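As structure tokens, the structure follows; a few thoughts come after it.
In my numbering, the protein residues as written are 13 to 272.
Here it is, written out as structure tokens:
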């Protein structure tokens, strides 16, 4: 019985990393994902903030799930989430102001991030505290992994640097952490790159490069998930839209539009 419970809890944690990755499988939080992943440090900072908010809000919502009336559950969830987002934002402003400036409006917008509210509605509001905490942690780790991977690739190809500005995050632990290491400039480490006229492809730090990277990572993640027994990701037709019943298009046109 204990082994079965342990396996169940382990499954709740690991599902968000690949099988149900919130960004690359469930396609949630894409606005922030595309906006902040111009560098690894920005992606890591955003991911850590989401992990803290996701785990804390899941725990509180799970604790209060029987006390919150069903009719006001969404406003109640938003209030809980907003409280933790405010705390995280104040901490970031106080200790990592450079990161706060880099993330800009996307840090407070965690309040309306579909991943946070989605996990509260779909899981934390219906399950025990420990399972909800692990669900939030797993989803947060999956979100962070997606952002860090995108940020690392876009920074490497688009700017020619790796971990640039990492001291802005490490400064919370003190000055000159790891000897003041603040990233690697490939054109300083490998001068021959300039001699070969190999310049950074700035397209990758622009929105179009973000969409390209996002699409490639999504394809890879979907293939890995399918290899683990998950259903193949398919584009739903218009019948899956919550506004389908109010749509003026005829059923046959909806089907053609959705499968085009």
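Virtual Cβ for every residue (Gly too), placed ideally from N, Cα, C.
Quick caveat, the model's predicted, so the values are computed rather than measured.
- What is the rounded straight-line gap between the Cα of residue 98 and the Cα of residue 64? 12 Å
- Message: Measuring CB atoms only, is the segment 113–122 touching the segment 53–71, in the sense that at least three cross pairs come out at less than 8 Å?
- Response: yes
- For residue 38, which option in 127, 71, 53 has the closest C-alpha, if you only look at C-alpha atoms? 127
- Could you have a look at residue 29 and say whether DSSP puts it in helix, strand or coil? coil
- Message: Which of the three DSSP states is assigned to residue 196 in this structure?
- Response: strand
- Secondary structure of residue 174, DSSP reduced to three states: strand
- Query: Is the Cβ-Cβ distance between residue 136 and residue 73 less than 9 Å?
  - Reply: yes
- Item | Cα-Cα separation, residue 30 to residue 236 | 7 Å
- Message: Let me confirm a value: residue 200 is counted as buried when at least 16 other C-beta atoms fall within 10 Å, else exposed. Which label applies?
- Response: exposed
- Item | Reduced DSSP category for residue 219 - H, G, I as helix; E, B as strand; rest coil | helix
- Task: Report yes if the CB atom of residue 197 is closer than 9 Å to the CB atom of residue 177, and no otherwise.
- Result: no
- Task: Could you tell me the distance, in whole angstroms, from the CA atom of residue 229 to the CA atom of residue 36?
- Result: 7 Å
- Task: Please go through the same chain and pick out, in chain order, the residues whose beta-carbon is closer than 6 Å to the beta-carbon of residue 280, but skip the five residues on each side of it.
- Result: The structure shown does not extend to residue 280, since the chain spans only 13 to 272, so no value can be given for it.
- Query: So the alpha helix (DSSP H) residue 75 belongs to, where does it begin and stop?
  - Reply: 52–75
- Message: Judging by CA-CA distance, which residue of 151, 103, 67 is the nearest neighbour of residue 92?
- Response: 67
- Message: Taking a contact to mean a Cβ-Cβ separation below 9 Å, would you say residue 163 touches residue 50 in this structure?
- Response: yes
- Query: Exposed or buried, which one is residue 271 when buried takes at least 16 other CB atoms within 10 Å?
  - Reply: Note that residue 271 has pLDDT 46, beneath the 50 cutoff, so the model's placement of it is unreliable and the number below is only indicative. That one is exposed.
- Item | Collapsed DSSP secondary structure at residue 98 in the structure displayed | helix
- Mark residue 241 as exposed unless 16 or more other C-beta atoms lie within 10 angstroms of its C-beta, in which case mark it buried. exposed
- Task: Leaving aside the five residues before and after residue 110 along the sequence, list all residues of the same chain whose C-beta is less than 6 Å from its C-beta, in chain order.
- Result: 180
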